[in-house]
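Taken in order, the sequence shown gives residues 638 to 931; the numbers are from the working numbering. These notes are about the structure you will find just below.
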Amino acid sequence: MTTENSKEQQYGDLFTADRDASRWDDLYRDTSTLFNFNMSVRRDRVCDVVFQRYTPEHAILDLGCGAGVVMEKLLQRGYKVQGVDRSNDMLDLSRKRLAGYPSDSYQLQQGTCESLPFADQQFDVILCIGVFGYIDDVVGALLEIRRVLRPGGLLVMSVRNPYNAAVSDPVTGVRALVRKILERFRKPERQAVPQPAPSPGEGETSSRPPQFKIDILQRPQPLLKGVARCGYKLDFFTGFGFGPLSIAGKRLLPHSWNIKLSNFLDTTLDRLGLQKLSRAVGDVSIYGFIKTGE
């Protein structure tokens with residue numbers, strides 16, 4: 638069931654053929670803008686995690702597989718992958734992209750993060766890239782993912798970091814800071830009423846972790862704390878991508894220059910051992926969480 642202000646209602650049509658489904662396919666084909674370039678780097682870095690830690694014999698799920706860009710890269714290296722997406726239009730794009738690969742090397746199914754069509758402890762690694770910002774029941778999704786992960790299994794997720802925009806565009810950063818300050822001084826009656834966590838459903842108990850949200854632009858600390866409460870421990874956390882340099886939303890440099898500058902900063906911070914700064918303000922955050930217990 639969806640509520641009037643649910644993320645499914647706000648963003649659901651972004652992944653339909655009537656709106657922007659094809660855009661998510663096209664952005665990986667054209668990396669001339671910094672955003673598109675960062676999305677391609679994100680795909681490559683996530684796949685590198687799989688290549689470095691897992692063999693083609695391991696069970697892999699691409700949850701929120703979209704147009705199949707991650708699945709394709711894994712299939713190219715001989716991995717077998719299952720893909721799930723809420724949108725049938727996105728699954729159609731995946732089918733077109735993956736049509737040239739052996740049919741027994743991948744499987745595509747319609748489904749949601751909160752209700753997966755798989756048995757318990759079926760996967761060694763689950764990739765959930767750019768997905769959690771569109772989910773209302775974050776805790777439900779994390780618990781369901783944990784159910785189908787094997788003991789010690791890895792969940793890889795990615796979100797964007799709001800601090801990059803604040804650093805790359807000083808005017809936008811100051812405006813955001815002023816809004817935060819004003820919100821602190823608003824009268825109590827004007828503050829938003831906190832939404833309670835969903836009531837336990839069948840098979841659930843009152844020990845269910847407290848609900849929290851993950852936004853499309855998400856600060857690291859609330860995410861880290863919320864995921865840890867759902868039965869995971871942090872395995873790795875990386876950040877990358879800086880820019881585009883702007884003033885009040887107006888881009889100052891050509892796309893190609895912004896890409897070069899971003900690459901330079903990524904390389905320099907890594908060489909200087911300043912990965913903490915990359916994690917703090919990089920545009921793209923990639924997290925790896927290990928399933929605990931059991």
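Beta carbons are placed, not taken as given, at the ideal position from N, Cα and C, and that holds for glycine. All values reported here derive from a predicted model rather than from experimental measurement.
- Inter-residue CB distance, K928 and G789 (contact presumed, cutoff 8 Å): That pair is a contact at about 6 Å.
- Message: Pull the bridge partners of M794 from the DSSP assignment, please.
- Response: When DSSP reads this structure, M794 sits in a beta bridge with C765, Y924.
- Message: Classify L764: buried if its beta carbon has 16 or more other beta carbons within 10 angstroms, exposed otherwise.
- Response: By the neighbour-count rule (16 or more Cβ atoms within 10 Å), L764 is buried.
- Identify, in the order they occur along the chain, each residue of the same chain with its Cβ nearer than 7 Å to the Cβ of G930, setting aside the five sequence neighbours on each side. Excluding positions up to five away in sequence, the list reads G868.
- Jot down the residue ranges of each uninterrupted alpha helix (DSSP H) in the stretch 650-703, minimum 4 residues, whole runs only, in chain order. You should have 658-663, 671-690.
- Query: Whose C-alpha, out of G737, L786, T670, S731, is nearest the C-alpha of D757?
  - Reply: Of the listed residues, the one whose Cα sits closest to D757 is L786.
- Message: For L745, which residues in the same chain have their Cβ closer than 6 Å to its Cβ, ignoring the five residues on either side in sequence?
- Response: Cβ-Cβ distances below 6 Å link L745 to G720, L728, S731 in the same chain, with the five nearest sequence neighbours on each side left out; the list follows chain order.
- Using CA coordinates, which residue listed in D726, G701, P857, Y691 is at the minimum distance from K717? Comparing Cα-Cα distances from K717 to each of D726, G701, P857, Y691, the minimum goes to Y691.
- Task: Would you kindly report the start and end of the unbroken alpha helix (DSSP H) that includes L737?
- Result: The residue you asked about is not Leu; residue 737 is Gly in the sequence shown. Careful: G737 lies outside any alpha helix (DSSP H) and carries neither H nor E.
- Query: When you compare only the Cα positions, how much space is there between P693 and A802?
  - Reply: The straight-line gap from Cα to Cα measures roughly 38 Å.
- T905, enclosing alpha helix (DSSP H) - first and last residue: Counting along the chain, the alpha helix (DSSP H) containing T905 begins and ends at 892-908.
- S836 versus L860 - alpha carbon distance: Note that S836 scores 47 on pLDDT, short of 50, meaning its location in the model is unreliable and no value can be drawn from it.
- Query: Is the stretch 912-925 in contact with the stretch 869-889, if contact means three or more CB pairs nearer than 8 Å?
  - Reply: As far as the Cβ criterion goes, the stretch 912-925 touches the stretch 869-889, which means the pair count is three or higher.
- Near L914, what residues of its chain come up, given a Cβ to Cβ distance below 7 Å and the 5 sequence neighbours on each side ignored? Taken in chain order, the residues that qualify are L906.
- Task: If I'm right that L671 touches I884 with Cβ under 8 Å, what's the distance once you round it to whole angstroms?
- Result: Actually they are not in contact, since the Cβ atoms of L671 and I884 sit about 16 Å apart, beyond 8 Å.
- Task: Name the one or two DSSP bridge partners that K870 has.
- Result: When beta bridges are read from the DSSP output, K870 appears opposite I927.
- With DSSP as the reference, label V918 as helix, strand or coil. Three-state result, V918: helix.
- Item | Collapsed DSSP secondary structure at P788 in the structure displayed | Three-state result, P788: strand.
- Query: In the structure shown, what three-state DSSP assignment does Q713 receive?
  - Reply: DSSP places Q713 in helix when its eight states are reduced to three.
- Query: By Cβ distance below 6 Å, which residues in the same chain neighbour R723 in space, the five residues on each side in sequence not counted?
  - Reply: The answer, listed in chain order, is T749.
- Among all the DSSP beta bridges, which residues are the ones paired with L854? Its beta-bridge partners are R797.
- Task: With a threshold of 16 other CB atoms inside 10 Å of the CB of I853, please say whether the residue is buried or exposed.
- Result: Residue burial is scored here from C-beta neighbours: I853 has fewer than 16 other C-beta atoms within 10 angstroms and is therefore classed as exposed.
- Message: On the CB-based measure, 16 or more other CB atoms within 10 Å of its CB, does S844 come out buried or exposed?
- Response: Exposed.
- Nearest-angstrom Cα distance between N725 and F901? If you take the alpha carbons of N725 and F901, they lie about 39 Å apart.
- Report the rounded CA-to-CA distance for R866 versus F926, giving the unit in angstroms. Taking the Cα positions, R866 is about 12 Å away from F926.
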